[in-house]
């Protein structure tokens with residue numbers, strides 16, 4: 001047979017894949033977070049970062065005003081970038097709860113408890129659990145606690161700071177109700 005004859009014959013149809021594709025409804029639901037919050041510094045933290053940049057600029061004024069302005073601006077911008085990038089993210093998808101780089105399946109967590117005011121202060125002081133996994137920030141005065149139900153896991157609970165603890169708890173409950181139970 002010639003090459004022309006081969007090109008005229010229909011190519012075999014590809015086998016359908018049983019693996020979910022990136023655009024399937026199931027993967028889209030689990031990829032889209034139900035809740036996401038970056039634990040950024042408060043206003044005071046941002047002011048400190050900018051003041052450090054300005055301090056560097058003032059120290060360089062005797063050398064050159066232009067150098068001082070450029071280095072001070074770069075230092076302030078670099079400090080702001082570092083503060084943003086190093087702030088952990090709380091994220092709940094349909095199946096997992098992530099605090100920074102740590103991740104757990106939502107079905108392994110108990111019902112979340114919203115902690116505000118005195119409850120949060122107690123959790124972070126006399127009620128502190130050394131075996132719990134904490135993702136807390138001193139400038140955020142509320143959060144949640146969810147008990148770890150996995151008996152093989154030595155971690156007793158997950159404790160997270162949040163500026164929106166009710167939303168975080170609601171998203172976790174929603175994910176737990178819709179998660180496939182094994």
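Residue numbers (UniProt numbering): 1 to 182. Glycine included, C-beta positions come from ideal geometry on N, C-alpha and C.
Item checked: Proximity below 8 angstroms, CB of residue 159 to CB of residue 108 -> For residue 159 and residue 108, no; Cβs fall outside 8 angstroms.
Check: What does residue 184 pair with, by DSSP beta-bridge criteria?
Finding: Within the shown structure, residues of the chain are numbered from 1 to 182, placing residue 184 beyond reach of any answer.
Next item on the list: Ignore the nearest five residues each way along the sequence and tell me which others in residue 150's own chain have a CB closer than 8 angstroms to its CB.
Entry: Listed in chain order, the non-local C-beta contacts of residue 150 below 8 angstroms within the same chain comprise 108, local neighbours out to five positions each way being set aside.
Check: In or out: residue 97 buried (at least 16 other Cβ within 10 Å) or exposed?
Finding: Flag for residue 97 reads buried.
Margin query: Checking 8 angstroms against the spacing of the C-beta atoms, do residue 142 and residue 112 come in under that value?
Written below: The answer is no: Cβ separation not under 8 angstroms.
Next item on the list: Identify which residue in 54, 67, 174 has its Cα closest to the Cα of residue 77.
Entry: Nearest C-alpha to residue 77: 54.
Check: What is the C-beta distance between residue 139 and residue 45, in whole angstroms, given that I count them as a contact (C-beta under 8 angstroms)?
Finding: Going by Cβ atoms, the distance from residue 139 to residue 45 rounds to 6 angstroms, so yes, they are a contact pair.
Notebook entry, point to check: Apart from the five residues just before and just after residue 123, which ones in its own chain have a Cβ nearer than 6 angstroms to its Cβ?
Noted result: In the same chain as residue 123, and ignoring 5 residues on each side of it, the C-beta atoms closer than 6 angstroms to its own belong to 115, in chain order.
Checklist line | Residues near residue 40 by beta carbon distance below 6 angstroms, same chain, minus five either side | finding: Answer for residue 40: 87, listed in chain order.
Note to self: For a minimum of 4 consecutive residues, which ranges assigned as the alpha helix (DSSP H) are wholly contained in the segment 51-114?
What the structure shows: The qualifying runs are 65-85.
Next item on the list: Quick one: grab the DSSP three-state call for residue 118.
Entry: DSSP places residue 118 in helix when its eight states are reduced to three.
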